[in-house]
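Enquirer: Quick one: this structure, given as structure tokens, is what I'll be asking you about.
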Amino acid sequence: MGLMWRYGEVSGNPRWKGMAWGMLPCLGSAMCACTWHLFYNSEDLQFLVALQAGLTVVGNFTCWWAAYRIYQGAQPQQG
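What the sequence shown shows, in the working numbering, is residues 841 to 919, in sequence order.
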């Protein structure tokens, strides 16, 4: 995420910073999985599995949207 943010600054293309923001739900999803496993898959933390699934779906969509914006910015302008 830091590399994409830095690339956005260096290249002058702020759409790359959008990709870094788009990856944030994926990071949250990973933290849910790590926390659940850290506590040996405790039944008390079962809600983390559902939260991880939700964040994964949101993260996949936001990464797709950010990648599409980068793609659009790379296309030659019509006119």
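Yeah, the Cβ is synthetic: ideal placement off N, Cα and C, and Gly gets one too. It should be emphasised that the depicted structure is a prediction, and the values quoted were computed from it without experimental measurement.
Within its chain, find whatever has a CB closer than 8 Å to the CB of residue 885; leave out the 5 residues flanking it on each side and keep chain order.
Expert: As a first step, residue 885 is located in the sequence shown; it is residue number 45 there, counting from the start. Cβ neighbours of residue 885 beyond the five flanking positions: 875, 876 and 879.
Enquirer: Any chance the region 845-854 sits against the region 886-896, with 3 or more Cβ pairs inside 8 Å?
Expert: No, the region 845-854 is not in contact with the region 886-896.
Enquirer: Go ahead and label residue 929 buried or exposed: buried means 16 or more other beta carbons lie within 10 angstroms of its beta carbon, across all protein chains shown.
Expert: Only positions 841 to 919 of the chain appear in the structure, and residue 929 is not among them; the question remains open.
Enquirer: Would you call residue 869 buried or exposed, if buried means 16 or more other Cβ atoms sit within 10 Å of its Cβ?
Expert: Looking up residue 869 in the sequence shown gives position 29. Under this definition residue 869 is a buried residue.
Enquirer: Can you tell which of 864, 916 and 850 has its C-alpha closest to the C-alpha of residue 904?
Expert: Residue 904 sits at position 64 when you count from the first residue of the sequence shown. Checking every option, the nearest Cα to that of residue 904 belongs to 864.
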